[in-house]
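Input: a single structure, listed below in structure tokens.
Numbering (our numbering), first residue to last: 7 to 238.
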């Protein structure tokens with residue numbers, strides 16, 4: 007089993023998580039403006055696609071990179087998965103044709119639940135799992151099945167449509183890379199990268215409250231956009 011670090015913060019993780027949140031909020035702002043106003047911002051353009059995917063992949067990578075610091079991965083995973091289910095319920099009520107079945111929070115919650123097993127795997131096996139995750143994901147993307155039960159694995163049924171979808175294949179590969187990063191980048195550099203306090207408390211606060219920020223940012227963006235539209 008890989009040894010856990012006892013220090014409080016890794017500054018690079020706080021910075022990267024803040025960057026992921028900023029990219030996510032930017033993408034959702036453009037998405038909301040494109041969907042709910044007369045502005046034609048073309049949120050499906052390659053640039054905005056890259057912005058959105060980069061944010062998601064950063065969250066997945068950081069889930070593995072920061073996993074070694076978690077003393078309660080099961081509790082944290084259940085908490086994140088619970089909020090993922092709440093998002094599924096809310097989007098089902100508001101957008102029944104495109105509600106979220108297995109979005110980013112579902113993905114992160116499941117990977118957190120699996121972390122106690124994943125952290126015991128040998129590095130060579132994690133490297134193999136990373137390659138296989140991406141390969142299986144590419145293969146599954148060309149398949150169509152007659153059931154919705156396999157959506158978490160990346161197998162879609164005919165007519166499937168959703169607002170947010172991050173299946174275990176191929177995206178678990180990003181988390182596997184994060185676990186490898188923890189072992190080879192974080193553990194060997196504990197004397198230089200880890201501090202008892204973050205250099206900038208703002209980044210620390212943002213990183214610690216990333217789930218809360220994720221949950222409230224869309225309602226706030228929509229309220230502002232729709233409110234301005236109503237007034238003007």
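Ideal Cβ placement from N, Cα and C applies to all residues, glycine included.
Remember, it's a predicted structure, so these values are computed and weren't measured experimentally.
Do you know how far the Cα of residue j is from the Cα of residue i?
i	j	result
residue 33	residue 48	11 Å
residue 238	residue 227	17 Å
residue 184	residue 53	25 Å
residue 133	residue 69	17 Å
residue 26	residue 189	22 Å
residue 44	residue 96	25 Å
residue 152	residue 230	41 Å
residue 182	residue 236	46 Å
residue 58	residue 29	7 Å
residue 73	residue 222	24 Å
residue 206	residue 85	27 Å
residue 101	residue 165	15 Å
residue 24	residue 65	10 Å
residue 88	residue 63	21 Å
residue 163	residue 125	33 Å
residue 241	residue 40	Lying outside 7 to 238, the shown extent of the chain, residue 241 is not represented and no answer is given.
residue 109	residue 37	16 Å
residue 99	residue 106	11 Å
residue 42	residue 232	7 Å
residue 15	residue 60	23 Å
residue 127	residue 46	48 Å
residue 154	residue 194	43 Å
residue 213	residue 129	27 Å
residue 31	residue 234	18 Å
residue 5	residue 150	Any question about residue 5 goes unanswered here, given that the chain covers just 7 to 238.
residue 187	residue 81	23 Å
residue 131	residue 51	37 Å
residue 35	residue 138	34 Å
Could you name the residues that DSSP lists as bridge partners for residue i?
i	result
residue 101	BP columns for residue 101 are empty, so no partner.
residue 108	171
Taking residue i and residue j to be in contact with their CB atoms under 8 Å, please state how far apart those CB atoms are, rounded to whole angstroms.
i	j	result
residue 79	residue 122	6 Å
residue 167	residue 224	Going by Cβ atoms, the distance from residue 167 to residue 224 rounds to 19 Å, so no, they are not a contact pair.
residue 178	residue 117	7 Å
residue 21	residue 209	6 Å
residue 252	residue 71	For the chain, the structure presents residues 7 to 238; residue 252 sits outside this window and is missing.
residue 119	residue 83	4 Å
residue 180	residue 67	5 Å
Examine chain B for any beta-carbon lying closer than 8 Å to the beta-carbon of residue i, and answer yes or no.
i	result
residue 112	Of the protein chains in the structure, only one exists, and it is not chain B.
At least 3 beta-carbon pairs within less than 8 Å: the region 107 to 119 vs the region 137 to 149: no
Segment contact, 8 Å Cβ cut-off, at least three pairs: the region 205 to 224 with the region 164 to 179: In short, these stretches do not touch, since the Cβ pair count stays below three.
Segment contact, 8 Å Cβ cut-off, at least three pairs: the region 88 to 97 with the region 151 to 160: no
Runs of alpha helix (DSSP H) wholly within the region 126 to 206 (minimum 4 residues, chain order): 129 to 146, 174 to 187, 196 to 199
Ordered list of beta strand (DSSP E) runs contained in the region 51 to 92, each at least 3 residues: none
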